[in-house]
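Notes follow once the structure below has been shown.
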Amino acid sequence: MSILQLLTNNTILIDIQAKDQMSLLDEMIQTLDQEGYLTNQSAFKEAILKREEQVSTNIGDGVAIPHARTNSVRKPFILFARSSEGIWYGQEKCHLFFMIGVRENSSSEHIQILSSLATLLMDESFRAQLLLAQSKDGVLSSIEQKETAGYEYQEEDHASLANQKMKKVVAVTSCPTGIAHTYMAAESLKQASQEMGVQLKVQTNGASGVGNQLSKEEISAADGVIVAADTHVDLTPFEGKNLVQTSVKDGIQQPKKLITAALAERTVPFQAKQSDKPKDTSEGNRPKFYQHVMNGVSYMIPFVVAGGILIAISFFFGINASNPDSPEYNVFAAFLGTVGGEAAFALMIPIFAGYISYSIANRPGLAPGAIGGMLAAIGGSGFLGGLVAGFLAGYIVLLLKKWLVHLPVSLQSLNPVLFYPVLGAFFTGFTMQFVVNVPLSNLNLFLVDWLGSLQGTNAVILGGLLAGMMAFDMGGPINKTASAFGLAMFSSGVYEPSAALMVGGMVPPLGIALATTFFKNKFTKEERDAGKATYIMGACFITEGAIPFAASDPLRVIPANVVGSIIGGSLCMYMDISLRAPHGGIFVIPIAANRPVLYIGCILLGSILTCIMIGLMKKSLVTQSVK
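Heads up, the numbering used here is the position in the sequence shown plus 546, with the first residue counted as 1.
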């Protein structure tokens, strides 16, 4: 596949009319939408802007490459735009703009083609050809010539380095989307290494996976290490090496400086620790505690969903069909109960704790964390115990890493396979068994009894509070706090909070979608088009579908979301509706809810109230014609 299969005459804008960054992006996105490359123009723009918030896609030398991986892309594309006057993009003026879009599940071949374009743009003469091209055909011709020459150059380059004895540097590059900057930084470092007479191998952690992976032997033989990344990179393999850690943009703009720094003599070699981990820009500035907990939750969710749905299916055969002593006993129902309850649910808390610990201490933390989580499950401290076990194990392993660095070199290789797991599991297990489990088990029992005793007004208040928290920031920390409480109760066999939480997650997008249908004069054409997709997202319990609308008019949309969710969640708890699968939306309600018809009614009522409030509070777009 060639770059020219993704870049066509219809996606080239020789003299773009925009004068600023936002109007530039709008003009490019409008062109893509007209040519049929997008399924949702607003969602694609949101993805582009979200990427810009992480790190500007202005790569220097008058070039910007706005890009996104999102399912609002119908098929992969490249759009080229040129401004002779230049447009301020980030901190400087740019003249050449390449907008790149791929779907979340795009093939590695597409990713490689898009990444190869990014590396070609590192060539100054190629950029000059694009600036001087007189027509669209001239642009395509320049790219075709450079694409062929570029691949030949790379093959000769690898051959020429093979037999040279030079200083050796290894590097890792990575950016949040893994399409452009990852490969541009790799190419920039490679070109600089040739000019400096340094042998370099770069591992690219891109969207198509890890490319050119570094081996233990290559790392061991290296005189220096460069990690130019804006995402998490495991630094453990680089223990004891001269390491330079920076952003991927520095890898593009300052490659020689990085190589020089990596080869500089150091009296103290690198030792991996928590503070040395690169910042994951996808989490913004959120506290480390939040990031670690969400890492554990993300790995736990599949076990919760799988177990909950399988158990719910077993109830079709009778509420006691899994019990061999019951007259309702059914062999297949018992099998489902075993897989869902005794296997999936049994792993839920160990996985949660294990991956909290993994987030803190990398791979050595996984086993002690999972063992601590299992002790929490056995000892009755449940989700809260798993939370403590994860953090306890993670920081115990970090301490072990610090202490065991003084072992003889001959024993260092035993750390990851012997000392970390054995000592980590021992200290974590001892603390959980004799310090943590008893008080947290009592607290857990108290919460379960308290929730079970809630009647009338108290249940209504709790349901409204949980649903309102879910709707308030739609995927943010308040939303996640409510979700964590629901999961804690779910792991203890209390399923009513899960039902209220799903109401709070489904009402905002469904209510907004209804408003775009019944109050068309309050929304732009793009918003009305986006509303159609929001129906689907709401039905699937994807609360984030409401975010673009809330961001554009927060003072009206967010209160409407919260009020509708509070009403739906309160009714849900008042009617004792429970849900044995905390994710999945409309697809799990028929089999996981104890009163599916009433439950759907709660969701619809909340959504209708949200729709009406938005319709009453939003102003009409009097200046825009509504078709």
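C-beta atoms are modelled at their ideal positions from N, C-alpha and C, and glycine is treated no differently.
With a 10 Å radius around its C-beta and 16 neighbouring C-beta atoms as the bar for buried, classify L1101 as buried or exposed.
Residue numbering aside, residue 1101 sits at position 555 when the sequence shown is read from its first letter. Counting Cβ neighbours within 10 Å, L1101 comes out exposed, since fewer than 16 surround it.
I575 and A627 closer than 7 Å at C-beta:
Taking the sequence shown and counting its residues from 1, the one referred to as residue 575 is at position 29. Taking the sequence shown and counting its residues from 1, the one referred to as residue 627 is at position 81. Their beta carbons are not under 7 Å apart, which means I575 does not touch A627 by this criterion.
Let me confirm a value: R615 is counted as buried when at least 16 other C-beta atoms fall within 10 Å, else exposed. Which label applies?
The count along the sequence shown starts at 1 and reaches residue 615 at position 69. By the neighbour-count rule (16 or more Cβ atoms within 10 Å), R615 is buried.
Which of the three DSSP states is assigned to D822 in this structure?
Taking the sequence shown and counting its residues from 1, the one referred to as residue 822 is at position 276. At D822, the pLDDT of 48 sits below 50, so the modelled position is not reliable; the number obtained from the coordinates is stated separately. Helix.
Cutoff 6 Å; reference F1018; Cβ partners in own chain excluding five residues on either side:
By one-based count along the sequence shown, residue 1018 stands at place 472. Contacts found: I1024 and V1108.
For M1121, the three-state DSSP class (helix, strand or coil):
As a first step, residue 1121 must be located in the sequence shown, where it is residue number 575. Coil.
Do you know whose CA, among L945, A731, L989 and Q958, lies nearest T974's CA?
Working through the sequence shown from its first residue, we reach residue 974 at position 428. Closest by alpha carbon: L945.
Which of the three DSSP states is assigned to K795 in this structure?
In the sequence shown, residue 795 corresponds to position 249, counting from 1. Of the three classes helix, strand and coil, the one that applies to K795 here is helix, per DSSP.
Leaving out five residues on either side along the sequence, give the residues of the same chain with a beta carbon under 6 Å from the beta carbon of A880.
For the purposes of this step, residue 880 is taken as residue 334 along the sequence shown, with counting starting at 1. Only S868 meet the Cβ criterion.
Pick from I1112, Y1120, S1116 and A1059: whose alpha carbon is nearest that of G1091?
Reading the sequence shown from its first residue, position 545 is the one you call residue 1091. Out of I1112, Y1120, S1116 and A1059, A1059 has the C-alpha closest to the C-alpha of G1091.
Per-residue DSSP class, three states only, for Q587
One-based indexing of the sequence shown puts residue 587 at position 41. If DSSP states are grouped into helix, strand and coil, Q587 belongs with the helices.
Starting from R628, trace the beta strand (DSSP E) both ways and give me its first and last residue.
If you number the sequence shown from 1, residue 628 lands on position 82. F623 to Y635 is the extent of the beta strand (DSSP E) around R628.
Residue closest to P962, alpha-carbon to alpha-carbon, out of P910, I624 and Y635
Within the sequence shown, numbered from 1, the residue matching residue 962 stands at position 416. Comparing Cα-Cα distances from P962 to each of P910, I624 and Y635, the minimum goes to P910.
Taking Cβ positions, are A922 and S588 nearer each other than 7 Å?
Position 376 of the sequence shown holds residue 922. Position 42 of the sequence shown holds residue 588. No, they are not a contact pair.
Just verifying my parser: in three-state terms, what is the DSSP assignment at E690?
Start at 1 with the first residue of the sequence shown, and residue 690 comes out as number 144. Here E690 sits in helix by DSSP.
How is M920 classed by DSSP in three states: helix, strand or coil?
What you label residue 920 is simply residue 374 of the sequence shown in a count that begins at 1. Here M920 sits in helix by DSSP.
Does DSSP put A899 in a helix, in a strand, or in coil?
Locating residue 899 in the sequence shown gives position 353, counting from the first residue. In this structure, A899 counts as helix in the three-state DSSP scheme.
Between L957, S1038 and M978, which lies nearest to F929 when the distance is taken from Cα to Cα?
If you number the sequence shown from 1, residue 929 lands on position 383. Ranking the options by Cα distance to F929, first place goes to S1038.
Contact belief for F1069 with T1062 at Cβ below 8 Å, rounded distance in angstroms:
Position 523 of the sequence shown holds residue 1069. Position 516 of the sequence shown holds residue 1062. Taking a contact as a CB-CB distance under 8 Å, the pair F1069 and T1062 counts as one, their CB atoms being some 5 Å apart.
Could you pull out every residue in the same chain whose Cβ sits closer than 7 Å to the Cβ of M1119, ignoring the five residues on either side in sequence?
As a position in the sequence shown, residue 1119 is number 573, starting the count at 1. Excluding sequence neighbours, M1119 sits near A1005, V1006, L1008, G1009, E1042 and A1046.
If you pair each beta-carbon of the region 859 to 878 with each one of the region 838 to 850, do three or more pairs fall below 8 Å?
The answer is no - the region 838 to 850 does not touch the region 859 to 878, with fewer than three Cβ pairs under 8 Å.
Cα-Cα separation, A774 to L550
In the sequence shown, the residue the question calls residue 774 occupies position 228. In the sequence shown, the residue the question calls residue 550 occupies position 4. Computed Cα separation, rounded: 29 Å.
Kindly list the residues whose CB is nearer than 8 Å to the CB of L760, restricted to its own chain and excluding five residues on each side of it in sequence; keep chain order.
Working through the sequence shown from its first residue, we reach residue 760 at position 214. Answer for L760: V716, V718, K747, Q749 and P783, listed in chain order.
Over what stretch of residues does the alpha helix (DSSP H) that includes F937 continue unbroken?
Taking the first residue of the sequence shown as 1, we reach residue 937 at position 391. G928 to L950 is the span of the alpha helix (DSSP H), which, as asked, contains F937.
Find out if the Cβ-Cβ distance for the pair I689, S734 is shorter than 7 Å.
Within the sequence shown, the letter at position 143 stands for residue 689. Within the sequence shown, the letter at position 188 stands for residue 734. Not closer than 7 Å, so no.
What are the boundary residues of the alpha helix (DSSP H) that R1074 is part of?
Numbered from its first residue, the sequence shown carries residue 1074 at position 528. First-last of the alpha helix (DSSP H) with R1074: K1071 to A1085.
Mind reading off the beta-carbon distance from V779 to A807? Whole number of angstroms is fine, and I expect it under 8 Å.
As a position in the sequence shown, residue 779 is number 233, starting the count at 1. As a position in the sequence shown, residue 807 is number 261, starting the count at 1. Incorrect: roughly 17 Å between the Cβ atoms, too far for contact.
Let me check one thing: in DSSP terms, what residues is I772 bridge-paired to?
Locating residue 772 in the sequence shown gives position 226, counting from the first residue. A717 and V790, per the DSSP bridge assignment.
Alpha-carbon spacing of K621 relative to Q567, whole angstroms:
The residue labelled residue 621 in the question sits at position 75 within the sequence shown. The residue labelled residue 567 in the question sits at position 21 within the sequence shown. Their backbone Cα atoms lie some 24 Å apart in a straight line.
Buried/exposed call for N694, threshold 16 Cβ in 10 Å
Numbered from 1 along the sequence shown, position 148 holds the residue referred to as residue 694. For clarity, residue 694 is Thr in the given sequence; the question names Asn instead. So T694 counts as exposed.
Sorted by chain position, which residues of the same chain lie with C-beta nearer than 8 Å to G632's C-beta, five sequence neighbours on each side aside?
As a working note, residue 632 is residue 86 in the sequence shown. G608, K639, C640 and H641.
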